[in-house]
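Under this note's numbering, the first residue of the sequence shown is numbered 213, with each subsequent residue one higher. Using N, Cα and C, we set each Cβ at its ideal position, and we do this for glycine too. Here's the structure we're looking at; comments come further down.
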Amino acid sequence: MTEKEHKSVLIVSSSDKIFDAISSSLPLSEFFPVEHAASAALARRKLKENEWDILFINSPLGDESGLDLALHAAEDYYAGVLLLVK
Numbered sequence: 213m214t215e216k217e218h219k220s221v222l223i224v225s226s227s228d229k230i231f232d233a234i235s236s237s238l239p240l241s242e243f244f245p246v247e248h249a250a251s252a253a254l255a256r257r258k259l260k261e262n263e264w265d266i267l268f269i270n271s272p273l274g275d276e277s278g279l280d281l282a283l284h285a286a287e288d289y290y291a292g293v294l295l296l297v298k
């Protein structure tokens, strides 16, 4: 598998437990890199710095609505978004 066939993943969650659960379930042969953003503000910076294929957003986030971040990512960055709502 070439590097271009990998899907990059950004997991947005203030919980390390959620990040560990999601990232450990993704096969590295298909999903790489897998990175963590512990806040919506950090996620926005990472979205500006890199292109991501998939965003997992664990909502609610303490500093911003997960739905707002999901809509922003889908509209402005064209990433696939999975919003996990508690």
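Look at LEU240 here: in three-state DSSP terms it is coil, with no helix or strand label. Rounded to whole angstroms, the Cβ separation of GLU242 and LYS219 is 6 Å, and the two are in contact under 8 Å.
Checking the DSSP bridge columns, you'll see ILE266 partnered with VAL221 and GLY292.
With contacts defined by Cβ atoms closer than 8 Å, ALA285 and VAL297 do not form a contacting pair. Counting of Cβ neighbours within 10 angstroms places ASN262 among the exposed residues, the total staying below 16. With fewer than 16 other CB atoms across the displayed protein chains lying within 10 angstroms of its CB, SER236 is exposed. With contacts defined as CB atoms closer than 8 Å, ALA255 and VAL224 qualify as a contacting pair. Classified as exposed, ALA233 has fewer than 16 neighbouring CB atoms from the shown chains inside 10 Å of its CB. Around the beta carbon of ALA282, a 10 Å sphere encloses 16 or more other beta carbons of the protein chains shown; the residue is thus reported as buried.
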